[in-house]
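Everything on this sheet refers to the single structure shown next.
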Amino acid sequence: MNKILPLATALASGLLFGAGLVLADMTNPGRVLNFLDVAGSFDPTLAFVMGGAIAVYAPLYWLGVRRKRPLTVNSFDLPTLRRIQPRLVLGAALFGLGWGLSGVCPGPALVVAGAGVAPLLLFGAAMMAGMVAYEVLEWLAARPRPVSEVPQADIAPAFAVTPAER
Amino acid sequence: MKHEWWMALVGGGILGAASGLLLWANGRIAGVSGIVGSTLRPRTGDVAWRLAFLIGLALAGWGAAALGKVHFDVTALPGTSALAFAGVAVGLGTRYANGCTSGHGICGLSRGSLRSLVATGTFMAVAAGTVFAVRHLG
Chain A
1 MNKILPLATA
11 LASGLLFGAG
21 LVLADMTNPG
31 RVLNFLDVAG
41 SFDPTLAFVM
51 GGAIAVYAPL
61 YWLGVRRKRP
71 LTVNSFDLPT
81 LRRIQPRLVL
91 GAALFGLGWG
101 LSGVCPGPAL
111 VVAGAGVAPL
121 LLFGAAMMAG
131 MVAYEVLEWL
141 AARPRPVSEV
151 PQADIAPAFA
161 VTPAER
Chain B
167 MKHEWWMALV
177 GGGILGAASG
187 LLLWANGRIA
197 GVSGIVGSTL
207 RPRTGDVAWR
217 LAFLIGLALA
227 GWGAAALGKV
237 HFDVTALPGT
247 SALAFAGVAV
257 GLGTRYANGC
267 TSGHGICGLS
277 RGSLRSLVAT
287 GTFMAVAAGT
297 VFAVRHLG
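Same order as they appear, the protein sequences are chains A and B.
For what it's worth, my numbering labels the leading residue of the first sequence as 1, then goes sequentially.
For what it's worth, my numbering labels the leading residue of the second sequence as 167, then goes sequentially.
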């Protein structure tokens with residue numbers, strides 16, 4: 001298939017997504033923080049953003065995935081996980097902490113950083129550092145441990161001598 | 167209904183259309199944290215479209231400012247150290263949760279994903295709790 005076309009549609013999607021965030025005022029941390037301030041200066045605007053987005057995307061999604069394949073590439077690549085794992089909840093909680101402290105989530109961070117606004121360049125760099133840290137932690141977790149670090153209880157049964165053999 | 171609510175609804179609709187375009191054309195979920203984070207773990211043929219999407223996002227911000235249409239108001243941001251801490255938390259948290267406001271909040275809820283419902287409920291609640299603590303308990 002064409003190699004340039006999927007890049008053009010991804011670029012267009014990113015541009016449109018950024019324009020939507022700007023129009024919806026999601027790029028204003030004050031607006032986001034006021035939405036989250038349910039006990040104080042609550043501003044429901046963000047609920048309209050979510051409502052508008054889901055109202056448009058839900059039908060597009062359900063019609064889209066009935067197709068044999070996407071328009072510019074050979075296959076769909078969609079999430080397959082179904083399990084509610086601790087890391088899902090803990091990760092979401094950590095994200096919520098950062099979002100609540102700053103009023104910035106990843107999309108708006110990149111849009112406003114693109115405009116060269118200094119604090120968002122800092123936030124974007126910190127966000128990247130967090131993502132790099134995630135890759136390092138995942139790599140450490142997946143790495144086979146040297147035998148000396150493996151708790152004896154984990155390997156002992158394989159070599160255990162039963163009373164009968166003794 | 168207030169003008170800004172209409173703008174939010176229209177802006178939200180555009181977010182939905184942009185996400186729909188990425189699904190229909192590229193067969194992908196428009197989740198910003200995943201699109202960024204997965205460039206750190208490159209697979210053949212899987213990086214260019216991500217960069218194209220991210221360039222589009224940044225270009226939208228640059229264009230809005232360059233055209234003089236938008237002045238990005240960031241006066242509500244916290245100080246430097248809190249902002250940096252928040253950035254790291256957002257980066258690490260969204261990767262562990264496999265998604266953020268776009269991937270879980272918009273796309274996941276539209277897909278009827280239980281994982282996304284749990285994630286969105288969690289980050290909304292913790293974020294609201296954090297704002298409450300900062301603004302009303304401080």
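C-beta: ideal position from N, C-alpha, C; glycine also.
Bear in mind the structure is a predicted one, so any value in this text is a computation, not a measurement.
In this structure, the beta-carbon distance from Ile272/B to Met50/A falls below 8 Å. Between Leu71/A and Gly211/B, the alpha-carbon positions lie close to 17 Å from each other. In this structure, Gly124/A is the residue among Ala12/A, Arg145/A, Gly124/A and Phe17/A with its C-alpha nearest to the C-alpha of Thr246/B. Flagged as an interface residue toward chain B: Leu122/A, by a C-beta distance shorter than 8 Å. Taking the CA atoms as reference points, Arg82/A sits about 37 Å from Pro119/A. Residue Ser279/B holds the alpha-carbon nearest to the alpha-carbon of Ile84/A among Val213/B, Ser279/B and Met167/B. In the DSSP assignment, His169/B falls within the unbroken alpha helix (DSSP H) covering His169 to Asn192.
Close CB contacts of Ala109/A within its chain, under the 7 Å cut and outside five residues either way in sequence, are with Leu120, Phe123, Gly124 and Met127 (chain order). For Thr9/A, the chain B residues whose Cβ falls inside 7 Å of its Cβ are Leu187, Ala191 and Asn192, in order along the chain. Rounded to the nearest whole angstrom, the CA to CA distance from Val22/A to Leu137/A is 34 Å. Straight-line spacing of the CA atoms in Arg281/B and Val117/A works out to 34 Å.
Taking 8 Å as the cut-off, the beta carbon of Trp228/B is found closer than this to the beta carbon of Gly114/A. Boundaries cannot be given for Arg66/A, as no alpha helix (DSSP H) includes it and DSSP labels it neither H nor E. In the same chain as Ser185/B, and ignoring 5 residues on each side of it, the C-beta atoms closer than 7 Å to its own belong to Ala196, Ile272 and Cys273, in chain order. Identification of chain A residues near Gly234/B by a Cβ-Cβ cut-off of 9 Å yields none; the smallest Cβ-Cβ distance measures about 12 Å. The beta carbon of Ser41/A sits closer than 8 Å to those of Asn34, all from its chain and outside the five residues before and after it, given in chain order.
Contact annotation: Arg261/B and Gly91/A have beta-carbon atoms nearer than 8 Å. Look at Leu78/A here: in three-state DSSP terms it is coil, with no helix or strand label. Annotation: Pro208/B has no Cβ neighbours in chain A at a cutoff of 9 Å; minimum Cβ distance is about 11 Å. Considering only Gly265/B, Thr267/B, Ser268/B and Val254/B, the residue with the shortest C-alpha distance to Gly98/A is Val254/B. Contact between the stretch 52–61 of chain A and the stretch 229–249 of chain B is absent: fewer than 3 CB-CB pairs across the two stretches fall below 8 Å. If you draw a straight line from the Cα of Phe48/A to the Cα of Gly179/B, it is about 9 Å long. At a beta-carbon threshold of 7 Å, the residues of chain A lying near Val202/B are Pro106 and Met131, ordered along the chain. The alpha-carbon of Ser13/A is positioned some 24 Å away from that of Ala285/B. The alpha-carbon of Ala224/B is positioned some 16 Å away from that of Ser268/B.
Residues are counted here when their Cβ sits less than 9 Å from a Cβ of chain B; for the stretch 65–77 of chain A these are Val65, Arg67, Arg69, Pro70, Leu71, Thr72, Val73, Asn74, Ser75, Phe76 and Asp77, given in chain order. Between Gly222/B and Leu15/A, the C-beta spacing is below 8 Å.
A Cβ-Cβ separation of about 20 Å leaves Gly100/A out of contact with Ala174/B under the 8 Å criterion.
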